[in-house]
Structure formats: C-alpha cells, structure tokens
Amino acid sequence: MTGNASSVRRHRAPKAANRVVVRILVILTLSLGVNYVVWRWFESVSWNVWWIAVPLVLAETYSLVDAFLFGITMWRIKERGEPPTPDPDATVDVFVTTYNEPVDLVMTTARAARDIRFPHRTWVLDDGARPDMAAAAAEAGIGYVTRDANWENMPRHAKAGNLNNALMQTEGEFLLILDADQIPDPQILDRVLGWFRDPDVAVVQTPQFFTNVTAADPLGSQAPLFYGPIQKGKDGWNAAFFCGSNAVLRREALMQLGLVGYVKQVERSIAQILRTADSLLDTAEREARDHGPEVLRAVDAVRTAVGLARTEMRSRDTSLSEVTYRFRQRVDEASRGLVEADIAALTRDLEELGELETYGRHARPVPPVLDEVALARLSHRELSPLAALSSVRTLVDAVDVSRPDEAQPVMPMATLSVTEDMATAMRLHGMGWKSVYHHENLAHGLAPEDLGTMLHQRLRWAQGTLQVMLKENPLVQKGLSAGQRLMYFATMWSYLSGFFALAYLAAPVFFLCFDVRPVVSYGPDFLVRLVPYLVLNQLLFLVIGYGRRTWRGTQYSLALFPLWIRAAWTACANVWFGRPLGFVVTPKTKQARTRPPWRLVWPQLTAMALLALAAVVGTVRYLLGAAEFTLLSLGVNLVWVVFDLVILSVVISAATYTGPEADDEQPTPTT
Amino acid sequence: MNFGTEHLDDDTAVVTPQGRLTMVSTAGLRNLIGELVEGGRVHIVVDLAATDFIDSSGLGALVGGLKTARQAGGDLRIARPTEQVRTVLQLTNLDRVLRPAASVRDAFGAT
C-alpha cells in the first residue's frame with residue numbers, strides 16, 4: 001500500500017482467500033517453470049555454441065530459483081491486523097542516528113521524535129561529534145550522545161558502532177531507531193510497542209516510506225513490494241527483516257546477542273592463540289638460548305602453562321576468565337623465577353662492591369631488600385623480564401578476555417558487514433528470537449534525489465548483503481529454521497542477478513546479427529513451454545502487487561546489472577582478500593542544473609544501443625534473405641529486444657531526473 | 001636496541017640506551033661498558049632519557065656496569081630516567097644505590 005493515499009489507512013482484516021489464490025498461482029507458475037527449464041537443459045541447449053547457450057540456460061535456471069524463493073516467501077504471507085496495546089510501563093529510548101547530515105534536517109527528525117506520544121527519552125547519536133549539533137539538541141531538550149574515550153584509535157564500525165556506543169550509555173528496555181531523515185509520527189510507539197507483549201519478540205520493523213518522491217519515482221526509491229508482500233511473507237516464516245531504521249528493538253535481546261558474540265569471539269581467539277602457541281614458544285626458545293638456563297627454564301614453564309590452559313579449555317568445566325587468569329598466574333610465576341635470579345645476581349654484585357668499598361671513596365651500596373609486593377610487581381605482565389621475548393609477549397597478551405582490539409568488549413549490533421541490520425536480525429533469529437513486520441507507515445523519510453546518490457546507496461546495500469552471505473551464509477547458520485534460512489537466502493540470491501542479466505542482453509544480439517542460436521529452436525516447441533510460464537509468472541506478480549507500483553523494482557533489478565556485478569565482485573574481494581569495498585564516486589552537489597550524469601550509466605546505454613542496432617540489423621537481414629532464421633524466430637527475438645529496452649530505459653529517466661520539485665530547497669540525505 | 005655513546009672527556013663517557021632495556025638488550029650494554037672501561041673511560045654516565053622501559057634484567061645490567069666501573073677505580077651514574085624507569089628504581093630501592101641525576105652534566109658534578 002505504500003506509495004499512494006491509502007497508505008495511511010489502518011490495517012484491513014486478513015484476507016484468507018488471497019492466500020489460497022496466491023498458493024494456486026505459485027504452484028502453477030513453478031510447475032510450468034520447472035517444465036520449461038528441464039526442457040531447456042535436456043532438449044534445447046545448442047551445445048555447439050555453448051559460450052552463449054550455457055550462460056543463457058544458467059540465467060533461466062537462476063530466474064526459476066528466484067521464482068521458487070519468491071513463491072516460498074508468498075506461501076505464508078502474514079496479515080497481522082491490529083497490534084495489541086503496549087505495556088504502559090515500558091521504557092523507551094528513541095535514537096536518531098547521524099553522521100554528517102545538516103543540523104536542521106537532524107533536528108526536524110529529533111523534534112518529531114521528542115514529540116512522540118508514548119513516554120520515552122530521545123537521543124541524537126552524533127557520530128560527527130559536532131558542537132553545533134550538540135547545542136541544537138540541548139536547546140530542544142534532547143539528549144546527545146557521541147563516542148566515548150574508549151573508541152579512540154579503535155575500529156569505529158560506522159552506524160553499528162554508533163548504536164553500540166549509545167546502548168552502553170542509555171537504559172531503556174526498548175529502542176526506536178531512526179535515520180536522521182526519517183520523521184516519526186507521534187503515535188509510532190503506541191502502534192508498535194504492543195507487539196512486545198510477546199516476550200520472544202526482539203524486533204518490530206515498520207515500512208520505510210519517502211515523501212520527496214514523485215508518483216513516477218524514476219529512481220525507484222519506494223520499495224512497495226519489499227515493504228509489503230515480501231516483508232509480510234518473510235514474517236510468515238518468522239523472518240521479517242530488520243532494516244536499520246523505523247524499527248523498535250528489545251534491549252535485552254541485543255545485549256544477549258552482544259554477550260554471546262563476545263564469548264564466541266573470546267573463545268575463538270584464545271583457542272586460536274593456544275593452537276599457534278607452539279610455534280611462538282619455539283621462537284621464544286631459540287631467543288632464550290642466548291640468555292642463559294634460567295630463561296630457558298622460564299620458557300619451558302610457559303609451555304607447561306599453555307598445555308594446562310589447553311586442557312582446561314577442552315574440559316569446559318573451567319570458565320574462560322579462570323583459564324586466562326590461571327594462565328597469567330603461571331606465566332607470572334615463571335617470570336618470577338627470572339626476576340629472583342636477576343635480583344640475586346644484582347645483590348651479589350652489590351655485595352662484592354660493598355667489600356670493594358672499604359678501599360674506595362664511595363658510599364657503601366646497600367643491596368636491595370625486596371618485599372613480596374615488589375617481587376610480584378616485577379614479575380607481573382607489565383614488568384616481566386619474559387616479556388622481552390616478543391613471542392612470549394604476543395602469546396600472553398592474546399590470552400585475554402578483555403578484547404583489547406575493540407572499543408567495547410560487548411558489541412550488540414553486528415559489525416561484520418556495512419549493513420549491520422541484516423546480520424543483527426539473522427543472529428537474533430538464530431538465537432530463537434522473533435521478529436514482527438508491522439505494515440503501517442509510521443515515519444516519513446527522504447530518499448536520494450539524484451542518480452549518483454541512489455547508486456551509491458544501492459551499491460552499499462548490495463555489498464552489505466553479499467558480505468553477510470559470504471561471511472555467515474544463512475543456509476548453514478545454526479539455530480535458524482529452514483524457512484528462515486530460505487528467507488535470508490532469497491534476498492541474497494536476488495542480488496546475484498547482474499551476471500545473468502548479461503546473458504539475457506547478449507543472446508538476442510548474437511542471434512539477430514550473427515545467427516548464433518543458443519536455443520535449438522525459437523519455434524512452437526519453445527513458445528508452447530515458455531509462454532504459459534511467463535503469463536502465469538506475470539499473473540502471480542499482478543495478484544501480489546495489486547494496487548502497488550512494482551514495475552520500477554522489476555526494472556531496476558535488471559537495469560542496475562553493472563552495479564550488482566560490481567557489488568558481487570567487490571564483496572568477494574573484500575571478504576576473501578581483505579580489499580576495501582570502494583565507492584560510487586558521487587558529485588557533492590545535486591546535478592539538477594547541470595548535464596545528466598550519463599557517465600554513471602554508460603554500460604546500460606551501450607547495451608541499449610547494441611540491442612537497437614541488432615533489431616535493425618536482424619530485420620534487414622531477414623528482409624534481404626541473408627538471415628538463416630524464420631519470421632517467428634525474428635519475432636521472438638524482436639519482442640525480447642523490446643522488453644530489454646523497456647527495462648533498461650529506466651536509467652534514462654533516472655539520469656535526467658531533477659528531484660521532486662523545481663527548487664532545490666529540500667536537503668538531500670547522504671545515507 | 002641502540003646505544004648512543006659520547007665521550008665527555010678523557011675518562012668519562014655517556015651511554016644512551018634507546019628503547020627497551022630488557023633481557024634481550026642487556027648483553028649489549030654490558031659489553032659496551034666493559035669496552036669503555038677497558039679503554040680507560042672508567043666514569044660512565046648512563047643517560048636514560050630515551051629508555052622507555054626497564055625490567056629486572058635491565059637493572060641487573062646497570063648494577064653490573066657499576067661493578068665493572070668501580071673495580072676499575074671509576075664509577076657509574078645514571079641520569080634523566082623516564083617515568084617507568086624511575087618507578088622500577090623506587091620499587092626495588094635501587095635509587096638509593098644509583099641516584100638519578102637531573103642532567104648528564106650533574107651526574108658527576110654533584111659528587
């Protein structure tokens with residue numbers, strides 16, 4: 001319902017009939033799809049031109065899997081109806097997150113957040129630590145949070161880090177998270193908090209809806225299919241996504257997530273260092289040989305301590321803090337032997353000097369008498385002579401429970417991806433928490449108003465999603481149900497479309513220009529299988545998307561193919577080889593008054609030119625009798641070309657788009 | 001570890017250990033002082049301004065140097081210890097044997 005006037009209306013009663021119709025259409029579509037794709041693989045691939053035939057049949061298989069995942073999503077589409085009334089005693093913190101957005105824009109959201117009806121505290125989470133932002137918040141009676149001193153010289157983790165920092169400085173049971181440009185309605189908490197009456201619910205997501213978008217929405221900012229049937233479908237599998245803004249989270253669930261993550265991280269790093277301890281100790285032993293038998297003995301004692309720690313880790317009766325504490329103690333003991341030897345030698349020296357002194361003019365040196373405290377301090381990690389062996393120091397520093405490499409040991413919001421929301425939700429689901437999708441627009445946001453900003457944002461989303469897929473593949477995560485696995489996988493799968501779009505664009509060009517035939521025949525055998533599948537597929541889409549503008553989304557899923565390819569490529573390079581993700585370079589000012597940014601969509605424009613050229617060439621060749629194909633094949637390929645062109649044409653309206661109004665007064669969000 | 005060496009006069013040398021004075025680096029300091037004393041520079045000032053860290057082995061090396069110097073009829077003084085070094089000297093009471101001087105020039109001038 002997003003995107004038109006009825007969006008403000010309350011929920012309608014669930015419609016059971018719809019679900020039956022949808023299920024019948026899903027079954028029919030998928031049956032016809034399997035029939036078609038099986039025929040393609042076994043009877044109609046032109047293996048002699050495998051270089052185009054195989055990519056095309058793979059693309060068609062990809063699309064069928066996509067249809068399957070979509071069908072499964074729609075299978076349990078859930079209409080929740082009216083929410084329960086909230087617990088009046090619930091305590092809530094409202095977080096408005098910002099980094100570099102204009103102060104006025106942030107304050108518009110922050111004031112609306114302050115004026116939310118349900119009792120709560122409001123905070124501006126300013127990652128830019130700007131004095132004028134702090135002053136504006138104070139003036140409006142709104143709390144202001146920036147990173148504390150612990151974050152100095154530590155990984156900052158972008159928005160996830162900003163939220164984690166604020167979580168440690170606030171105390172409400174629930175958190176409403178708002179991007180700086182998402183203006184909340186006063187009743188948002190009244191409408192949403194009731195879902196937390198179920199003690200297992202960890203997150204409630206509401207739609208993201210944009211007010212600065214024209215009805216045609218050339219940039220495809222509104223996501224009526226996602227914030228609608230798809231989220232409702234995921235909700236049916238208890239897999240409604242948390243999308244980073246316009247959502248309420250239960251603090252307890254987040255803290256639990258943070259603690260579990262902390263323990264896992266510590267366990268992993270201690271186990272890892274104990275595994276590699278042997279080679280460190282061998283190095284230490286080689287170094288120690290130059291420094292006498294006491295040092296060798298001490299290194300040997302450390303080796304024993306490592307062995308004991310390994311045993312304790314395996315037995316699991318001993319807590320990690322005990323394992324690390326005892327390990328430290330044993331290492332201190334070993335270095336105490338060294339300290340005592342040093343002090344003994346030093347004392348001997350001084351005593352000999354004392355005897356010498358009877359002849360000299362110097363004051364008699366008094367050998368030091370060290371008490372227990374001094375000895376202990378000299379043996380402790382800070383001053384330990386063993387630490388002079390860098391390998392031992394590495395080992396001892398790493399066997400620790402305080403995560404010295406992070407600002408906070410406990411990180412509730414997942415930091416493994418540039419999109420913290422999906423990873424966080426997936427981990428919450430993995431621990432058995434529930435999520436809710438509440439289908440009602442309760443905040444009004446601002447979408448990007450130019451192509452460059454939009455592309456930048458889409459690239460980030462795609463990269464983040466694929467990062468999560470590569471690092472924590474939902475198909476193999478513990479604790480997720482089969483449905484939840486598929487719901488997460490479905491979204492990740494959809495971001496792989498870029499590679500397959502290439503096959504869909506190239507196949508008709510090669511056919512029309514060079515008679516290259518990836519399918520054995522484009523004749524009746526082909527059409528009788530393909531056409532019913534396509535018709536049913538479109539019908540399913542029509543029923544599900546009824547009254548919604550879903551066409552833009554369809555266009556962009558294909559038309560942004562260069563961006564999707566780049567996202568997949570960079571995400572792999574990042575996860576596997578530690579490369580930076582990179583950015584779409586965007587001009588700082590809006591492009592409204594200058595030339596359209598054609599440079600950003602040159603691959604699409606090239607593809608369009610090639611397709612149009614191929615259509616002309618194919619037709620002329622047929623008319624001159626130079627082509628080897630029939631009129632029917634020509635027709636099929638021309639329809640195909642026209643479809644591709646219509647899909648791709650969206651980039652032209654996007655590039656020439658100059659915002660919702662003529663004047664430039666509205667600020668542009670930079671997220 | 002690096003040791004800067006400077007000759008103040010015919011029998012006085014300034015040694016400047018840079019970085020961490022620990023088990024790993026003490027042998028170098030001992031050898032250096034031994035060579036200096038053998039060469040007739042029996043008055044040694046160890047300038048600790050660039051020494052970030054010392055442990056019990058490092059202290060042992062200082063006392064060892066003191067012994068070497070005194071046996072040759074000279075002396076060893078320390079100057080300008082950093083915060084960490086001063087703490088360890090106080091912890092072991094060694095500051096009563098090796099009293100830190102405020103500057104290299106004061107190290108022998110004060111006697």
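Sequence lines, in order, name chains A and B.
Okay, so the first sequence: first residue is 1 according to UniProt numbering, each after it adds one.
Okay, so the second sequence: first residue is 1 according to UniProt numbering, each after it adds one.
Idealized CB from N, CA, C, for every residue including glycine.
Please read these numbers as outputs of a predicted model, since none were measured by experiment.
Please classify residue i as buried or exposed, where buried requires at least 16 other C-beta atoms within 10 Å of its C-beta.
i      : result
A:R579 : exposed
B:P17  : buried
B:H43  : buried
B:H7   : exposed
A:A216 : exposed
A:E60  : buried
A:F327 : buried
A:R548 : buried
A:K264 : exposed
A:S390 : exposed
A:A387 : buried
B:N2   : exposed
A:T85  : exposed
A:D127 : buried
A:P199 : exposed
A:I24  : exposed
A:W51  : exposed
To the nearest angstrom, how far is the alpha carbon of residue i from that of residue j?
i      : j      : result
A:W41  : A:F118 : 59 Å
A:L539 : A:G432 : 36 Å
A:G261 : A:R250 : 17 Å
B:I33  : B:I78  : 13 Å
A:N48  : A:F514 : 14 Å
A:T668 : B:L21  : Residue confidence is low: A:T668 scores 46 on pLDDT, short of 50, so the model does not pin down where it sits. No coordinate-derived value is stated.
B:Q90  : B:V63  : 15 Å
A:A447 : A:A140 : 26 Å
A:T589 : A:E43  : Per-residue confidence for A:T589 stands at a pLDDT of 46, beneath the threshold of 50, marking its modelled position as unreliable; the derived number appears in the next sentence. Looking at the two C-alpha atoms, the distance is approximately 55 Å.
A:V266 : A:L416 : 16 Å
A:A341 : A:E294 : 8 Å
B:V97  : A:V124 : 59 Å
A:V21  : A:N246 : 32 Å
A:D181 : A:T465 : 22 Å
A:Q467 : A:W576 : 10 Å
B:V14  : B:G4   : 8 Å
A:P562 : A:L189 : 40 Å
A:R111 : A:L69  : 41 Å
A:R10  : A:E440 : Any reading at A:R10 must be qualified, since the residue scores a pLDDT of 46, below 50, and its modelled position is unreliable; no value is offered.
A:Y657 : A:T214 : 10 Å
A:D104 : A:L308 : 60 Å
Since I believe residue j is in contact with residue i (beta carbons under 8 Å), could you give me their beta-carbon distance rounded to a whole number of angstroms?
i      : j      : result
A:Q222 : A:F210 : 6 Å
A:P518 : A:S46  : 6 Å
A:V399 : A:T324 : 5 Å
A:V339 : A:P385 : 6 Å
A:M426 : A:Y495 : With 8 Å as the limit, A:M426 and A:Y495 do not qualify as a contact, their Cβ atoms being about 15 Å apart.
A:H456 : A:W195 : Incorrect: roughly 33 Å between the Cβ atoms, too far for contact.
A:R566 : A:L459 : 7 Å
A:A202 : A:A284 : Contact flag wrong, Cβ pair sits at about 46 Å.
A:G659 : A:E449 : 4 Å
Report the partner residues of residue i according to the DSSP bridge assignment.
i                      : result
A:H444                 : A:I183
B:V37                  : Looking at the DSSP assignment, B:V37 forms no beta bridge with any residue, so it has no partner.
B:V14                  : B:E6 and B:V45
B:R20                  : B:F53
B:A79                  : B:D47 and B:A101
A:K434                 : A:V201
A:F95                  : A:W123 and A:I177
A:Y144                 : A:V124
residue 715 of chain A : Outside the displayed span of chain A (1 to 671) sits residue 715 of chain A, for which this structure offers no information.
List the residues of chain C that residue i touches, going by C-beta distances under 7 Å, in chain order.
i      : result
A:L320 : Among the protein chains of the structure shown, namely A and B, there is no chain C.
For the region 333 to 352 of chain A, list every residue whose C-beta sits within 8 Å of some C-beta in chain B, in sequence order. L338, V339, D342, I343, A345, L346, D349, L350 and E352
Would you list, in chain order, the members of the region 287 to 314 of chain A that have their beta-carbon closer than 8 Å to a beta-carbon of chain B? Listed in sequence order: E287, D290, H291 and V295.
Name, going along the chain, the residues of the region 47 to 58 of chain B whose beta-carbon falls closer than 9 Å to a beta-carbon of chain A. F53, I54, D55, S56, S57 and G58
Tell me which residues of the region 23 to 39 of chain B have at least one Cβ-Cβ distance to chain A shorter than 9 Å, keeping chain order. M23, V24, S25, T26 and A27
Note down, in chain order, all residues in the region 90 to 104 of chain B with a beta-carbon under 9 Å from any beta-carbon belonging to chain A. L91, T92, N93, L94, R96, V97 and L98
Would you list, in chain order, the members of the region 370 to 381 of chain A that have their beta-carbon closer than 8 Å to a beta-carbon of chain B? If the cut-off is 8 Å between Cβ atoms, the region 370 to 381 of chain A has L370, A374, R377 and L378 near chain B.
Against chain B, which members of the region 385 to 405 of chain A pass a CB distance test of less than 9 Å? P385, L386, A387, A388, L389 and S390
Please identify, using Cβ separations under 7 Å, the residues of the region 239 to 270 of chain A that lie next to chain B, in order along the chain. none
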